[in-house]
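**Student:**
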Amino acid sequence: MAILVVAEHDNAALGAATLNTVAAARQIGDDVHLLVVGSGCGSVAEASAAVEGVSKVLVADNAAYGHQLAENVSLLVAELGKGYSHILTSASTSGKNYLPRVAALLDVDQISDIIRVDSADTFARPIYAGNAIATVQSSAPVKVITVRSTGFDPVAATGGSAVVEQLDSAHDAGISSFVSEEMAQSDRPELGGAEIVVSGGRGMGNGENFEILYKLADKLGAAVGASRAAVDAGFVPNDMQVGQTGKIVAPNLYVAVGISGAIQHLAGMKDSKVIVAINKDEEAPIFQVADYGLVADLFEAVPELEGKL
Amino acid sequence: MKILVAVKRVIDYNVKVRVKADHSDVDLTNVKMAINPFCEIAVEEAVRLKEKGVATEIVAVSLGTKESQEQIRTALALGADRGILVETDEKLGSLSVAKLLKAIVDEEKPDLVILGKQAIDSDNNQTGQMLAALSGLSQGTFASELTVEDGKASVTREVDGGLQTVSLSLPAIVTTDLRLNEPRYASLPNIMKAKRKPLDTKTPADLGVEVASSLTTLKVEPPAERSAGIKVGSVDELIEKLKTEAKVI
Chain A
1 MAILVVAEHD
11 NAALGAATLN
21 TVAAARQIGD
31 DVHLLVVGSG
41 CGSVAEASAA
51 VEGVSKVLVA
61 DNAAYGHQLA
71 ENVSLLVAEL
81 GKGYSHILTS
91 ASTSGKNYLP
101 RVAALLDVDQ
111 ISDIIRVDSA
121 DTFARPIYAG
131 NAIATVQSSA
141 PVKVITVRST
151 GFDPVAATGG
161 SAVVEQLDSA
171 HDAGISSFVS
181 EEMAQSDRPE
191 LGGAEIVVSG
201 GRGMGNGENF
211 EILYKLADKL
221 GAAVGASRAA
231 VDAGFVPNDM
241 QVGQTGKIVA
251 PNLYVAVGIS
261 GAIQHLAGMK
271 DSKVIVAINK
281 DEEAPIFQVA
291 DYGLVADLFE
301 AVPELEGKL
Chain B
1001 MKILVAVKRV
1011 IDYNVKVRVK
1021 ADHSDVDLTN
1031 VKMAINPFCE
1041 IAVEEAVRLK
1051 EKGVATEIVA
1061 VSLGTKESQE
1071 QIRTALALGA
1081 DRGILVETDE
1091 KLGSLSVAKL
1101 LKAIVDEEKP
1111 DLVILGKQAI
1121 DSDNNQTGQM
1131 LAALSGLSQG
1141 TFASELTVED
1151 GKASVTREVD
1161 GGLQTVSLSL
1171 PAIVTTDLRL
1181 NEPRYASLPN
1191 IMKAKRKPLD
1201 TKTPADLGVE
1211 VASSLTTLKV
1221 EPPAERSAGI
1231 KVGSVDELIE
1241 KLKTEAKVI
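Protein chains in written order, with my numbering: chain A, 1 to 309; chain B, 1001 to 1249.
Laid out in structure tokens, this is it:
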């Protein structure tokens, strides 16, 4: 049986995390179908057909799916999913929102946030905020899984040539409706997919001081993140939060500035390839995971670093 | 309006988690247990709705061993009116919990069910969504703002990249994110009062639910340790290392 991957997208572009999810699916089996559920999402369907290792793209383009309300999307995915051995999607706030509904409709347990595929029925996932890794085996007829992107290297976005099939199914549960959204606007790369991430913590002192991080990030082509302490203190909005309760990132380079290194933050970034910590407290736990630590006043070190790059 | 809140007994979030030597599970012997932080936020939100005159009754439900009574008592001390414990020694998966909660929802007919978005032990983030699907109800997950009026719940959700607001027909299921509110501390008089509030005990069999899971945990291991690197003496040395040694810039 084939494997169904539900694409992550915003009706305009295919989300990068989909490439990691397809990679996880390819470790389970060879026949991978990609489902695009949205409204006016033709360009996403086109991009999906080009993804490496996808044999078929299914497109459900209907106004009822415009904002991907869980009540509506789950009905479609559960209906289609019955014919598959596995249903996968990325462990984004969207996937986390509708996929457990799909699992419940199919009367199977869900396996959340896998970081490793051992076999078609056995997967590893972090528990206790990443302080333990559980290896879990499933006997469910359909394995319903969310995939943590940082656990899998992405497949190529181009080179594939899947057939595209339009579905005319429209499910509108009629019990919820979209009202509004406020999305942060930024020219910097998206936090989850950035090659380099510069993050600030409570040591930044206030929101205005993040300006020096933005400058450094723009020099490096990096995304900007923050610790939960900085978010809770109101320095920056929540969608910048890196950590167990925020985004999980694993860039090539992670620069932690004025971050002490609470367990909850480490859970969100410790799989980064190279970690740099800049902190004036040499006892800060962040230095225990950093490849390169600089004990210095960040307000001097960061502008100096930016100037010399 | 009646609100049902679910509370889970978990390891206290301040306790350092240790994996058992035989890698069968996390070691919970003699470990301090507490109410799951996200569930505590759910209780607080229900109490605030009652204080605003929106809700009239709050029922706190927990599922698990006899000891989960302690977490129900905590919810009662924070302002819930009565408790229900579904007692079982079985280890419950999210789907089983959702089925048991659905049975309670069928009996209690609440207008709103508030749950934590995830428990800090299993980190599943599934139960609220599963309960909503099984009950055929709307859902507002990862809520950072909740208002109820005119038979609708308006929920602002924390999503990747920003915030989304949805309108839900009641009854609805809401799961809490961290910034929904800051839970109060229970006062001593309220802790004493909570001891006299009613607490019913049921079993999964009473609710007609068979508890089973298709998942088997084969092993639980500590995560790969990351070893500390080196301290650099200056910004120049840092740039040099990043360019020539790590080759990341």
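Note that the Cβ used here is the ideal one computed from N, Cα and C, for glycine as well.
A quick note: this is a predicted structure, and the numbers were derived from the prediction, not measured.
#1: Leaving aside the five residues before and after LEU1238(B) along the sequence, list all residues of the same chain whose C-beta is less than 6 Å from its C-beta, in chain order.
#2: Look up ASP218(A) in the DSSP assignment and give the residues it is bridged to.
#3: In chain A, which residues lie less than 8 Å from VAL1248(B) when you measure between Cβ atoms?
#4: Relative to the C-alpha of ASP113(A), which residue among LYS273(A), LEU191(A), ARG202(A) and GLY130(A) is closest?
#5: Within the segment 217-251 of chain A, note down every full alpha helix (DSSP H) run reaching 4 residues or more, in order along the chain.
#6: Nearest-angstrom Cα distance between TYR65(A) and VAL37(A)?
#7: Starting from TYR128(A), find everything on chain B with Cβ-Cβ shorter than 8 Å and list it in chain order.
#8: Can you grab the Cα-Cα spacing for the pair SER314(A) / ARG1073(B), in whole Å?
#9: Do ALA1133(B) and ILE101(A) have their beta-carbon atoms positioned less than 8 Å apart in this structure?
#10: By the DSSP assignment, the alpha helix (DSSP H) with PRO1204(B) in it spans what residues?
#11: Run through the DSSP bridge pairs and tell me what THR146(A) is partnered with.
#12: Compare the C-beta of GLY293(A) against all C-beta atoms of chain B and say whether one is closer than 8 Å.
#13: DSSP state of GLN1118(B), grouped into three classes?
#14: Looking only at DSSP bridge pairs, what is GLN110(A) linked to?
#15: Below 6 Å CB to CB, which residues in the same chain sit around PRO1171(B) once its five sequence neighbours on both sides are set aside?
#16: Using the beta-carbon count (16 or more within 10 Å), is ALA12(A) buried or exposed?
#17: Taking C-beta to C-beta, are VAL324(A) and VAL22(A) nearer than 8 Å?
#18: Residues of chain A with CB closer than 8 Å to the CB of ARG1082(B), please, in chain order.
#19: Of all the residues that make up the segment 104-117 of chain A, which are near chain B by a beta-carbon distance shorter than 9 Å?
#20: So if I threshold CB-CB distances at 9 Å, which residues from the segment 1162-1188 of chain B count as touching chain A?
#21: Quick one: what does DSSP say LYS1050(B) is sitting in, helix, strand or coil?
#22: Considering Cα atoms alone, identify which of LYS82(A), GLY246(A), GLU306(A) and ASN209(A) is closest to ASP1123(B).
#23: Span of the alpha helix (DSSP H) holding HIS265(A)?
#24: Name, please, each residue of chain A whose Cβ falls closer than 8 Å to the Cβ of ILE1239(B).
**Tutor:** The short version:
#1: Cβ within range, chain order: VAL1232.
#2: For ASP218(A), DSSP records no beta bridge to any residue.
#3: Going along chain A in sequence order, the residues near VAL1248(B) (Cβ under 8 Å) are ILE196, ASN252, LEU253, LYS273 and VAL274.
#4: It is GLY130(A) whose Cα lies nearest to the Cα of ASP113(A).
#5: Segments of the alpha helix (DSSP H) lying fully in the segment 217-251 of chain A: 228-232.
#6: For the pair TYR65(A) and VAL37(A), the Cα-to-Cα distance works out to about 6 Å.
#7: Residues of chain B passing the Cβ test: ILE1011, VAL1017, VAL1026, ILE1120, ASP1121 and ASP1123.
#8: A query on residue 314(A) cannot be resolved here, the shown segment of chain A reaching from 1 to 309 and no further.
#9: The identity of residue 101(A) in the sequence shown is Arg, whereas the question assumes Ile. Closer than 8 Å, so yes.
#10: Under the DSSP assignment, PRO1204(B) falls outside any alpha helix (DSSP H); it carries neither an H nor an E label.
#11: Bridge pairing for THR146(A): THR89(A) [DSSP].
#12: At least one chain B Cβ lies under 8 Å of GLY293(A).
#13: GLN1118(B) falls in the coil class under three-state DSSP.
#14: GLN110(A) is bridged to VAL144(A).
#15: Around PRO1171(B): ASP1111 and LEU1137.
#16: Around the C-beta of ALA12(A), fewer than 16 other C-beta atoms lie within 10 Å, and the residue is accordingly described as exposed.
#17: Residue coverage of chain A in this structure runs from 1 to 309, which leaves residue 324(A) outside it and unanswerable.
#18: Simply none; closest approach about 27 Å.
#19: Answer in chain order: ALA104, LEU105, ASP107, VAL108, ASP109, GLN110, ILE111, SER112 and ASP113.
#20: Residues of the segment 1162-1188 of chain B with a C-beta less than 9 Å from any C-beta of chain A: GLY1162, LEU1163, GLN1164, THR1165, VAL1166, SER1167, LEU1168, SER1169, ALA1172, ASP1177, LEU1178 and ARG1179, listed in chain order.
#21: For LYS1050(B), the secondary structure class from DSSP, reduced to helix, strand or coil, is helix.
#22: Per the C-alpha coordinates, the member of LYS82(A), GLY246(A), GLU306(A) and ASN209(A) positioned closest to ASP1123(B) is GLY246(A).
#23: Where HIS265(A) is concerned, the enclosing alpha helix (DSSP H) stretches over 263-269.
#24: Ordered by position in chain A, the residues that pass the 8 Å Cβ test against ILE1239(B) are LEU305, LYS308 and LEU309.
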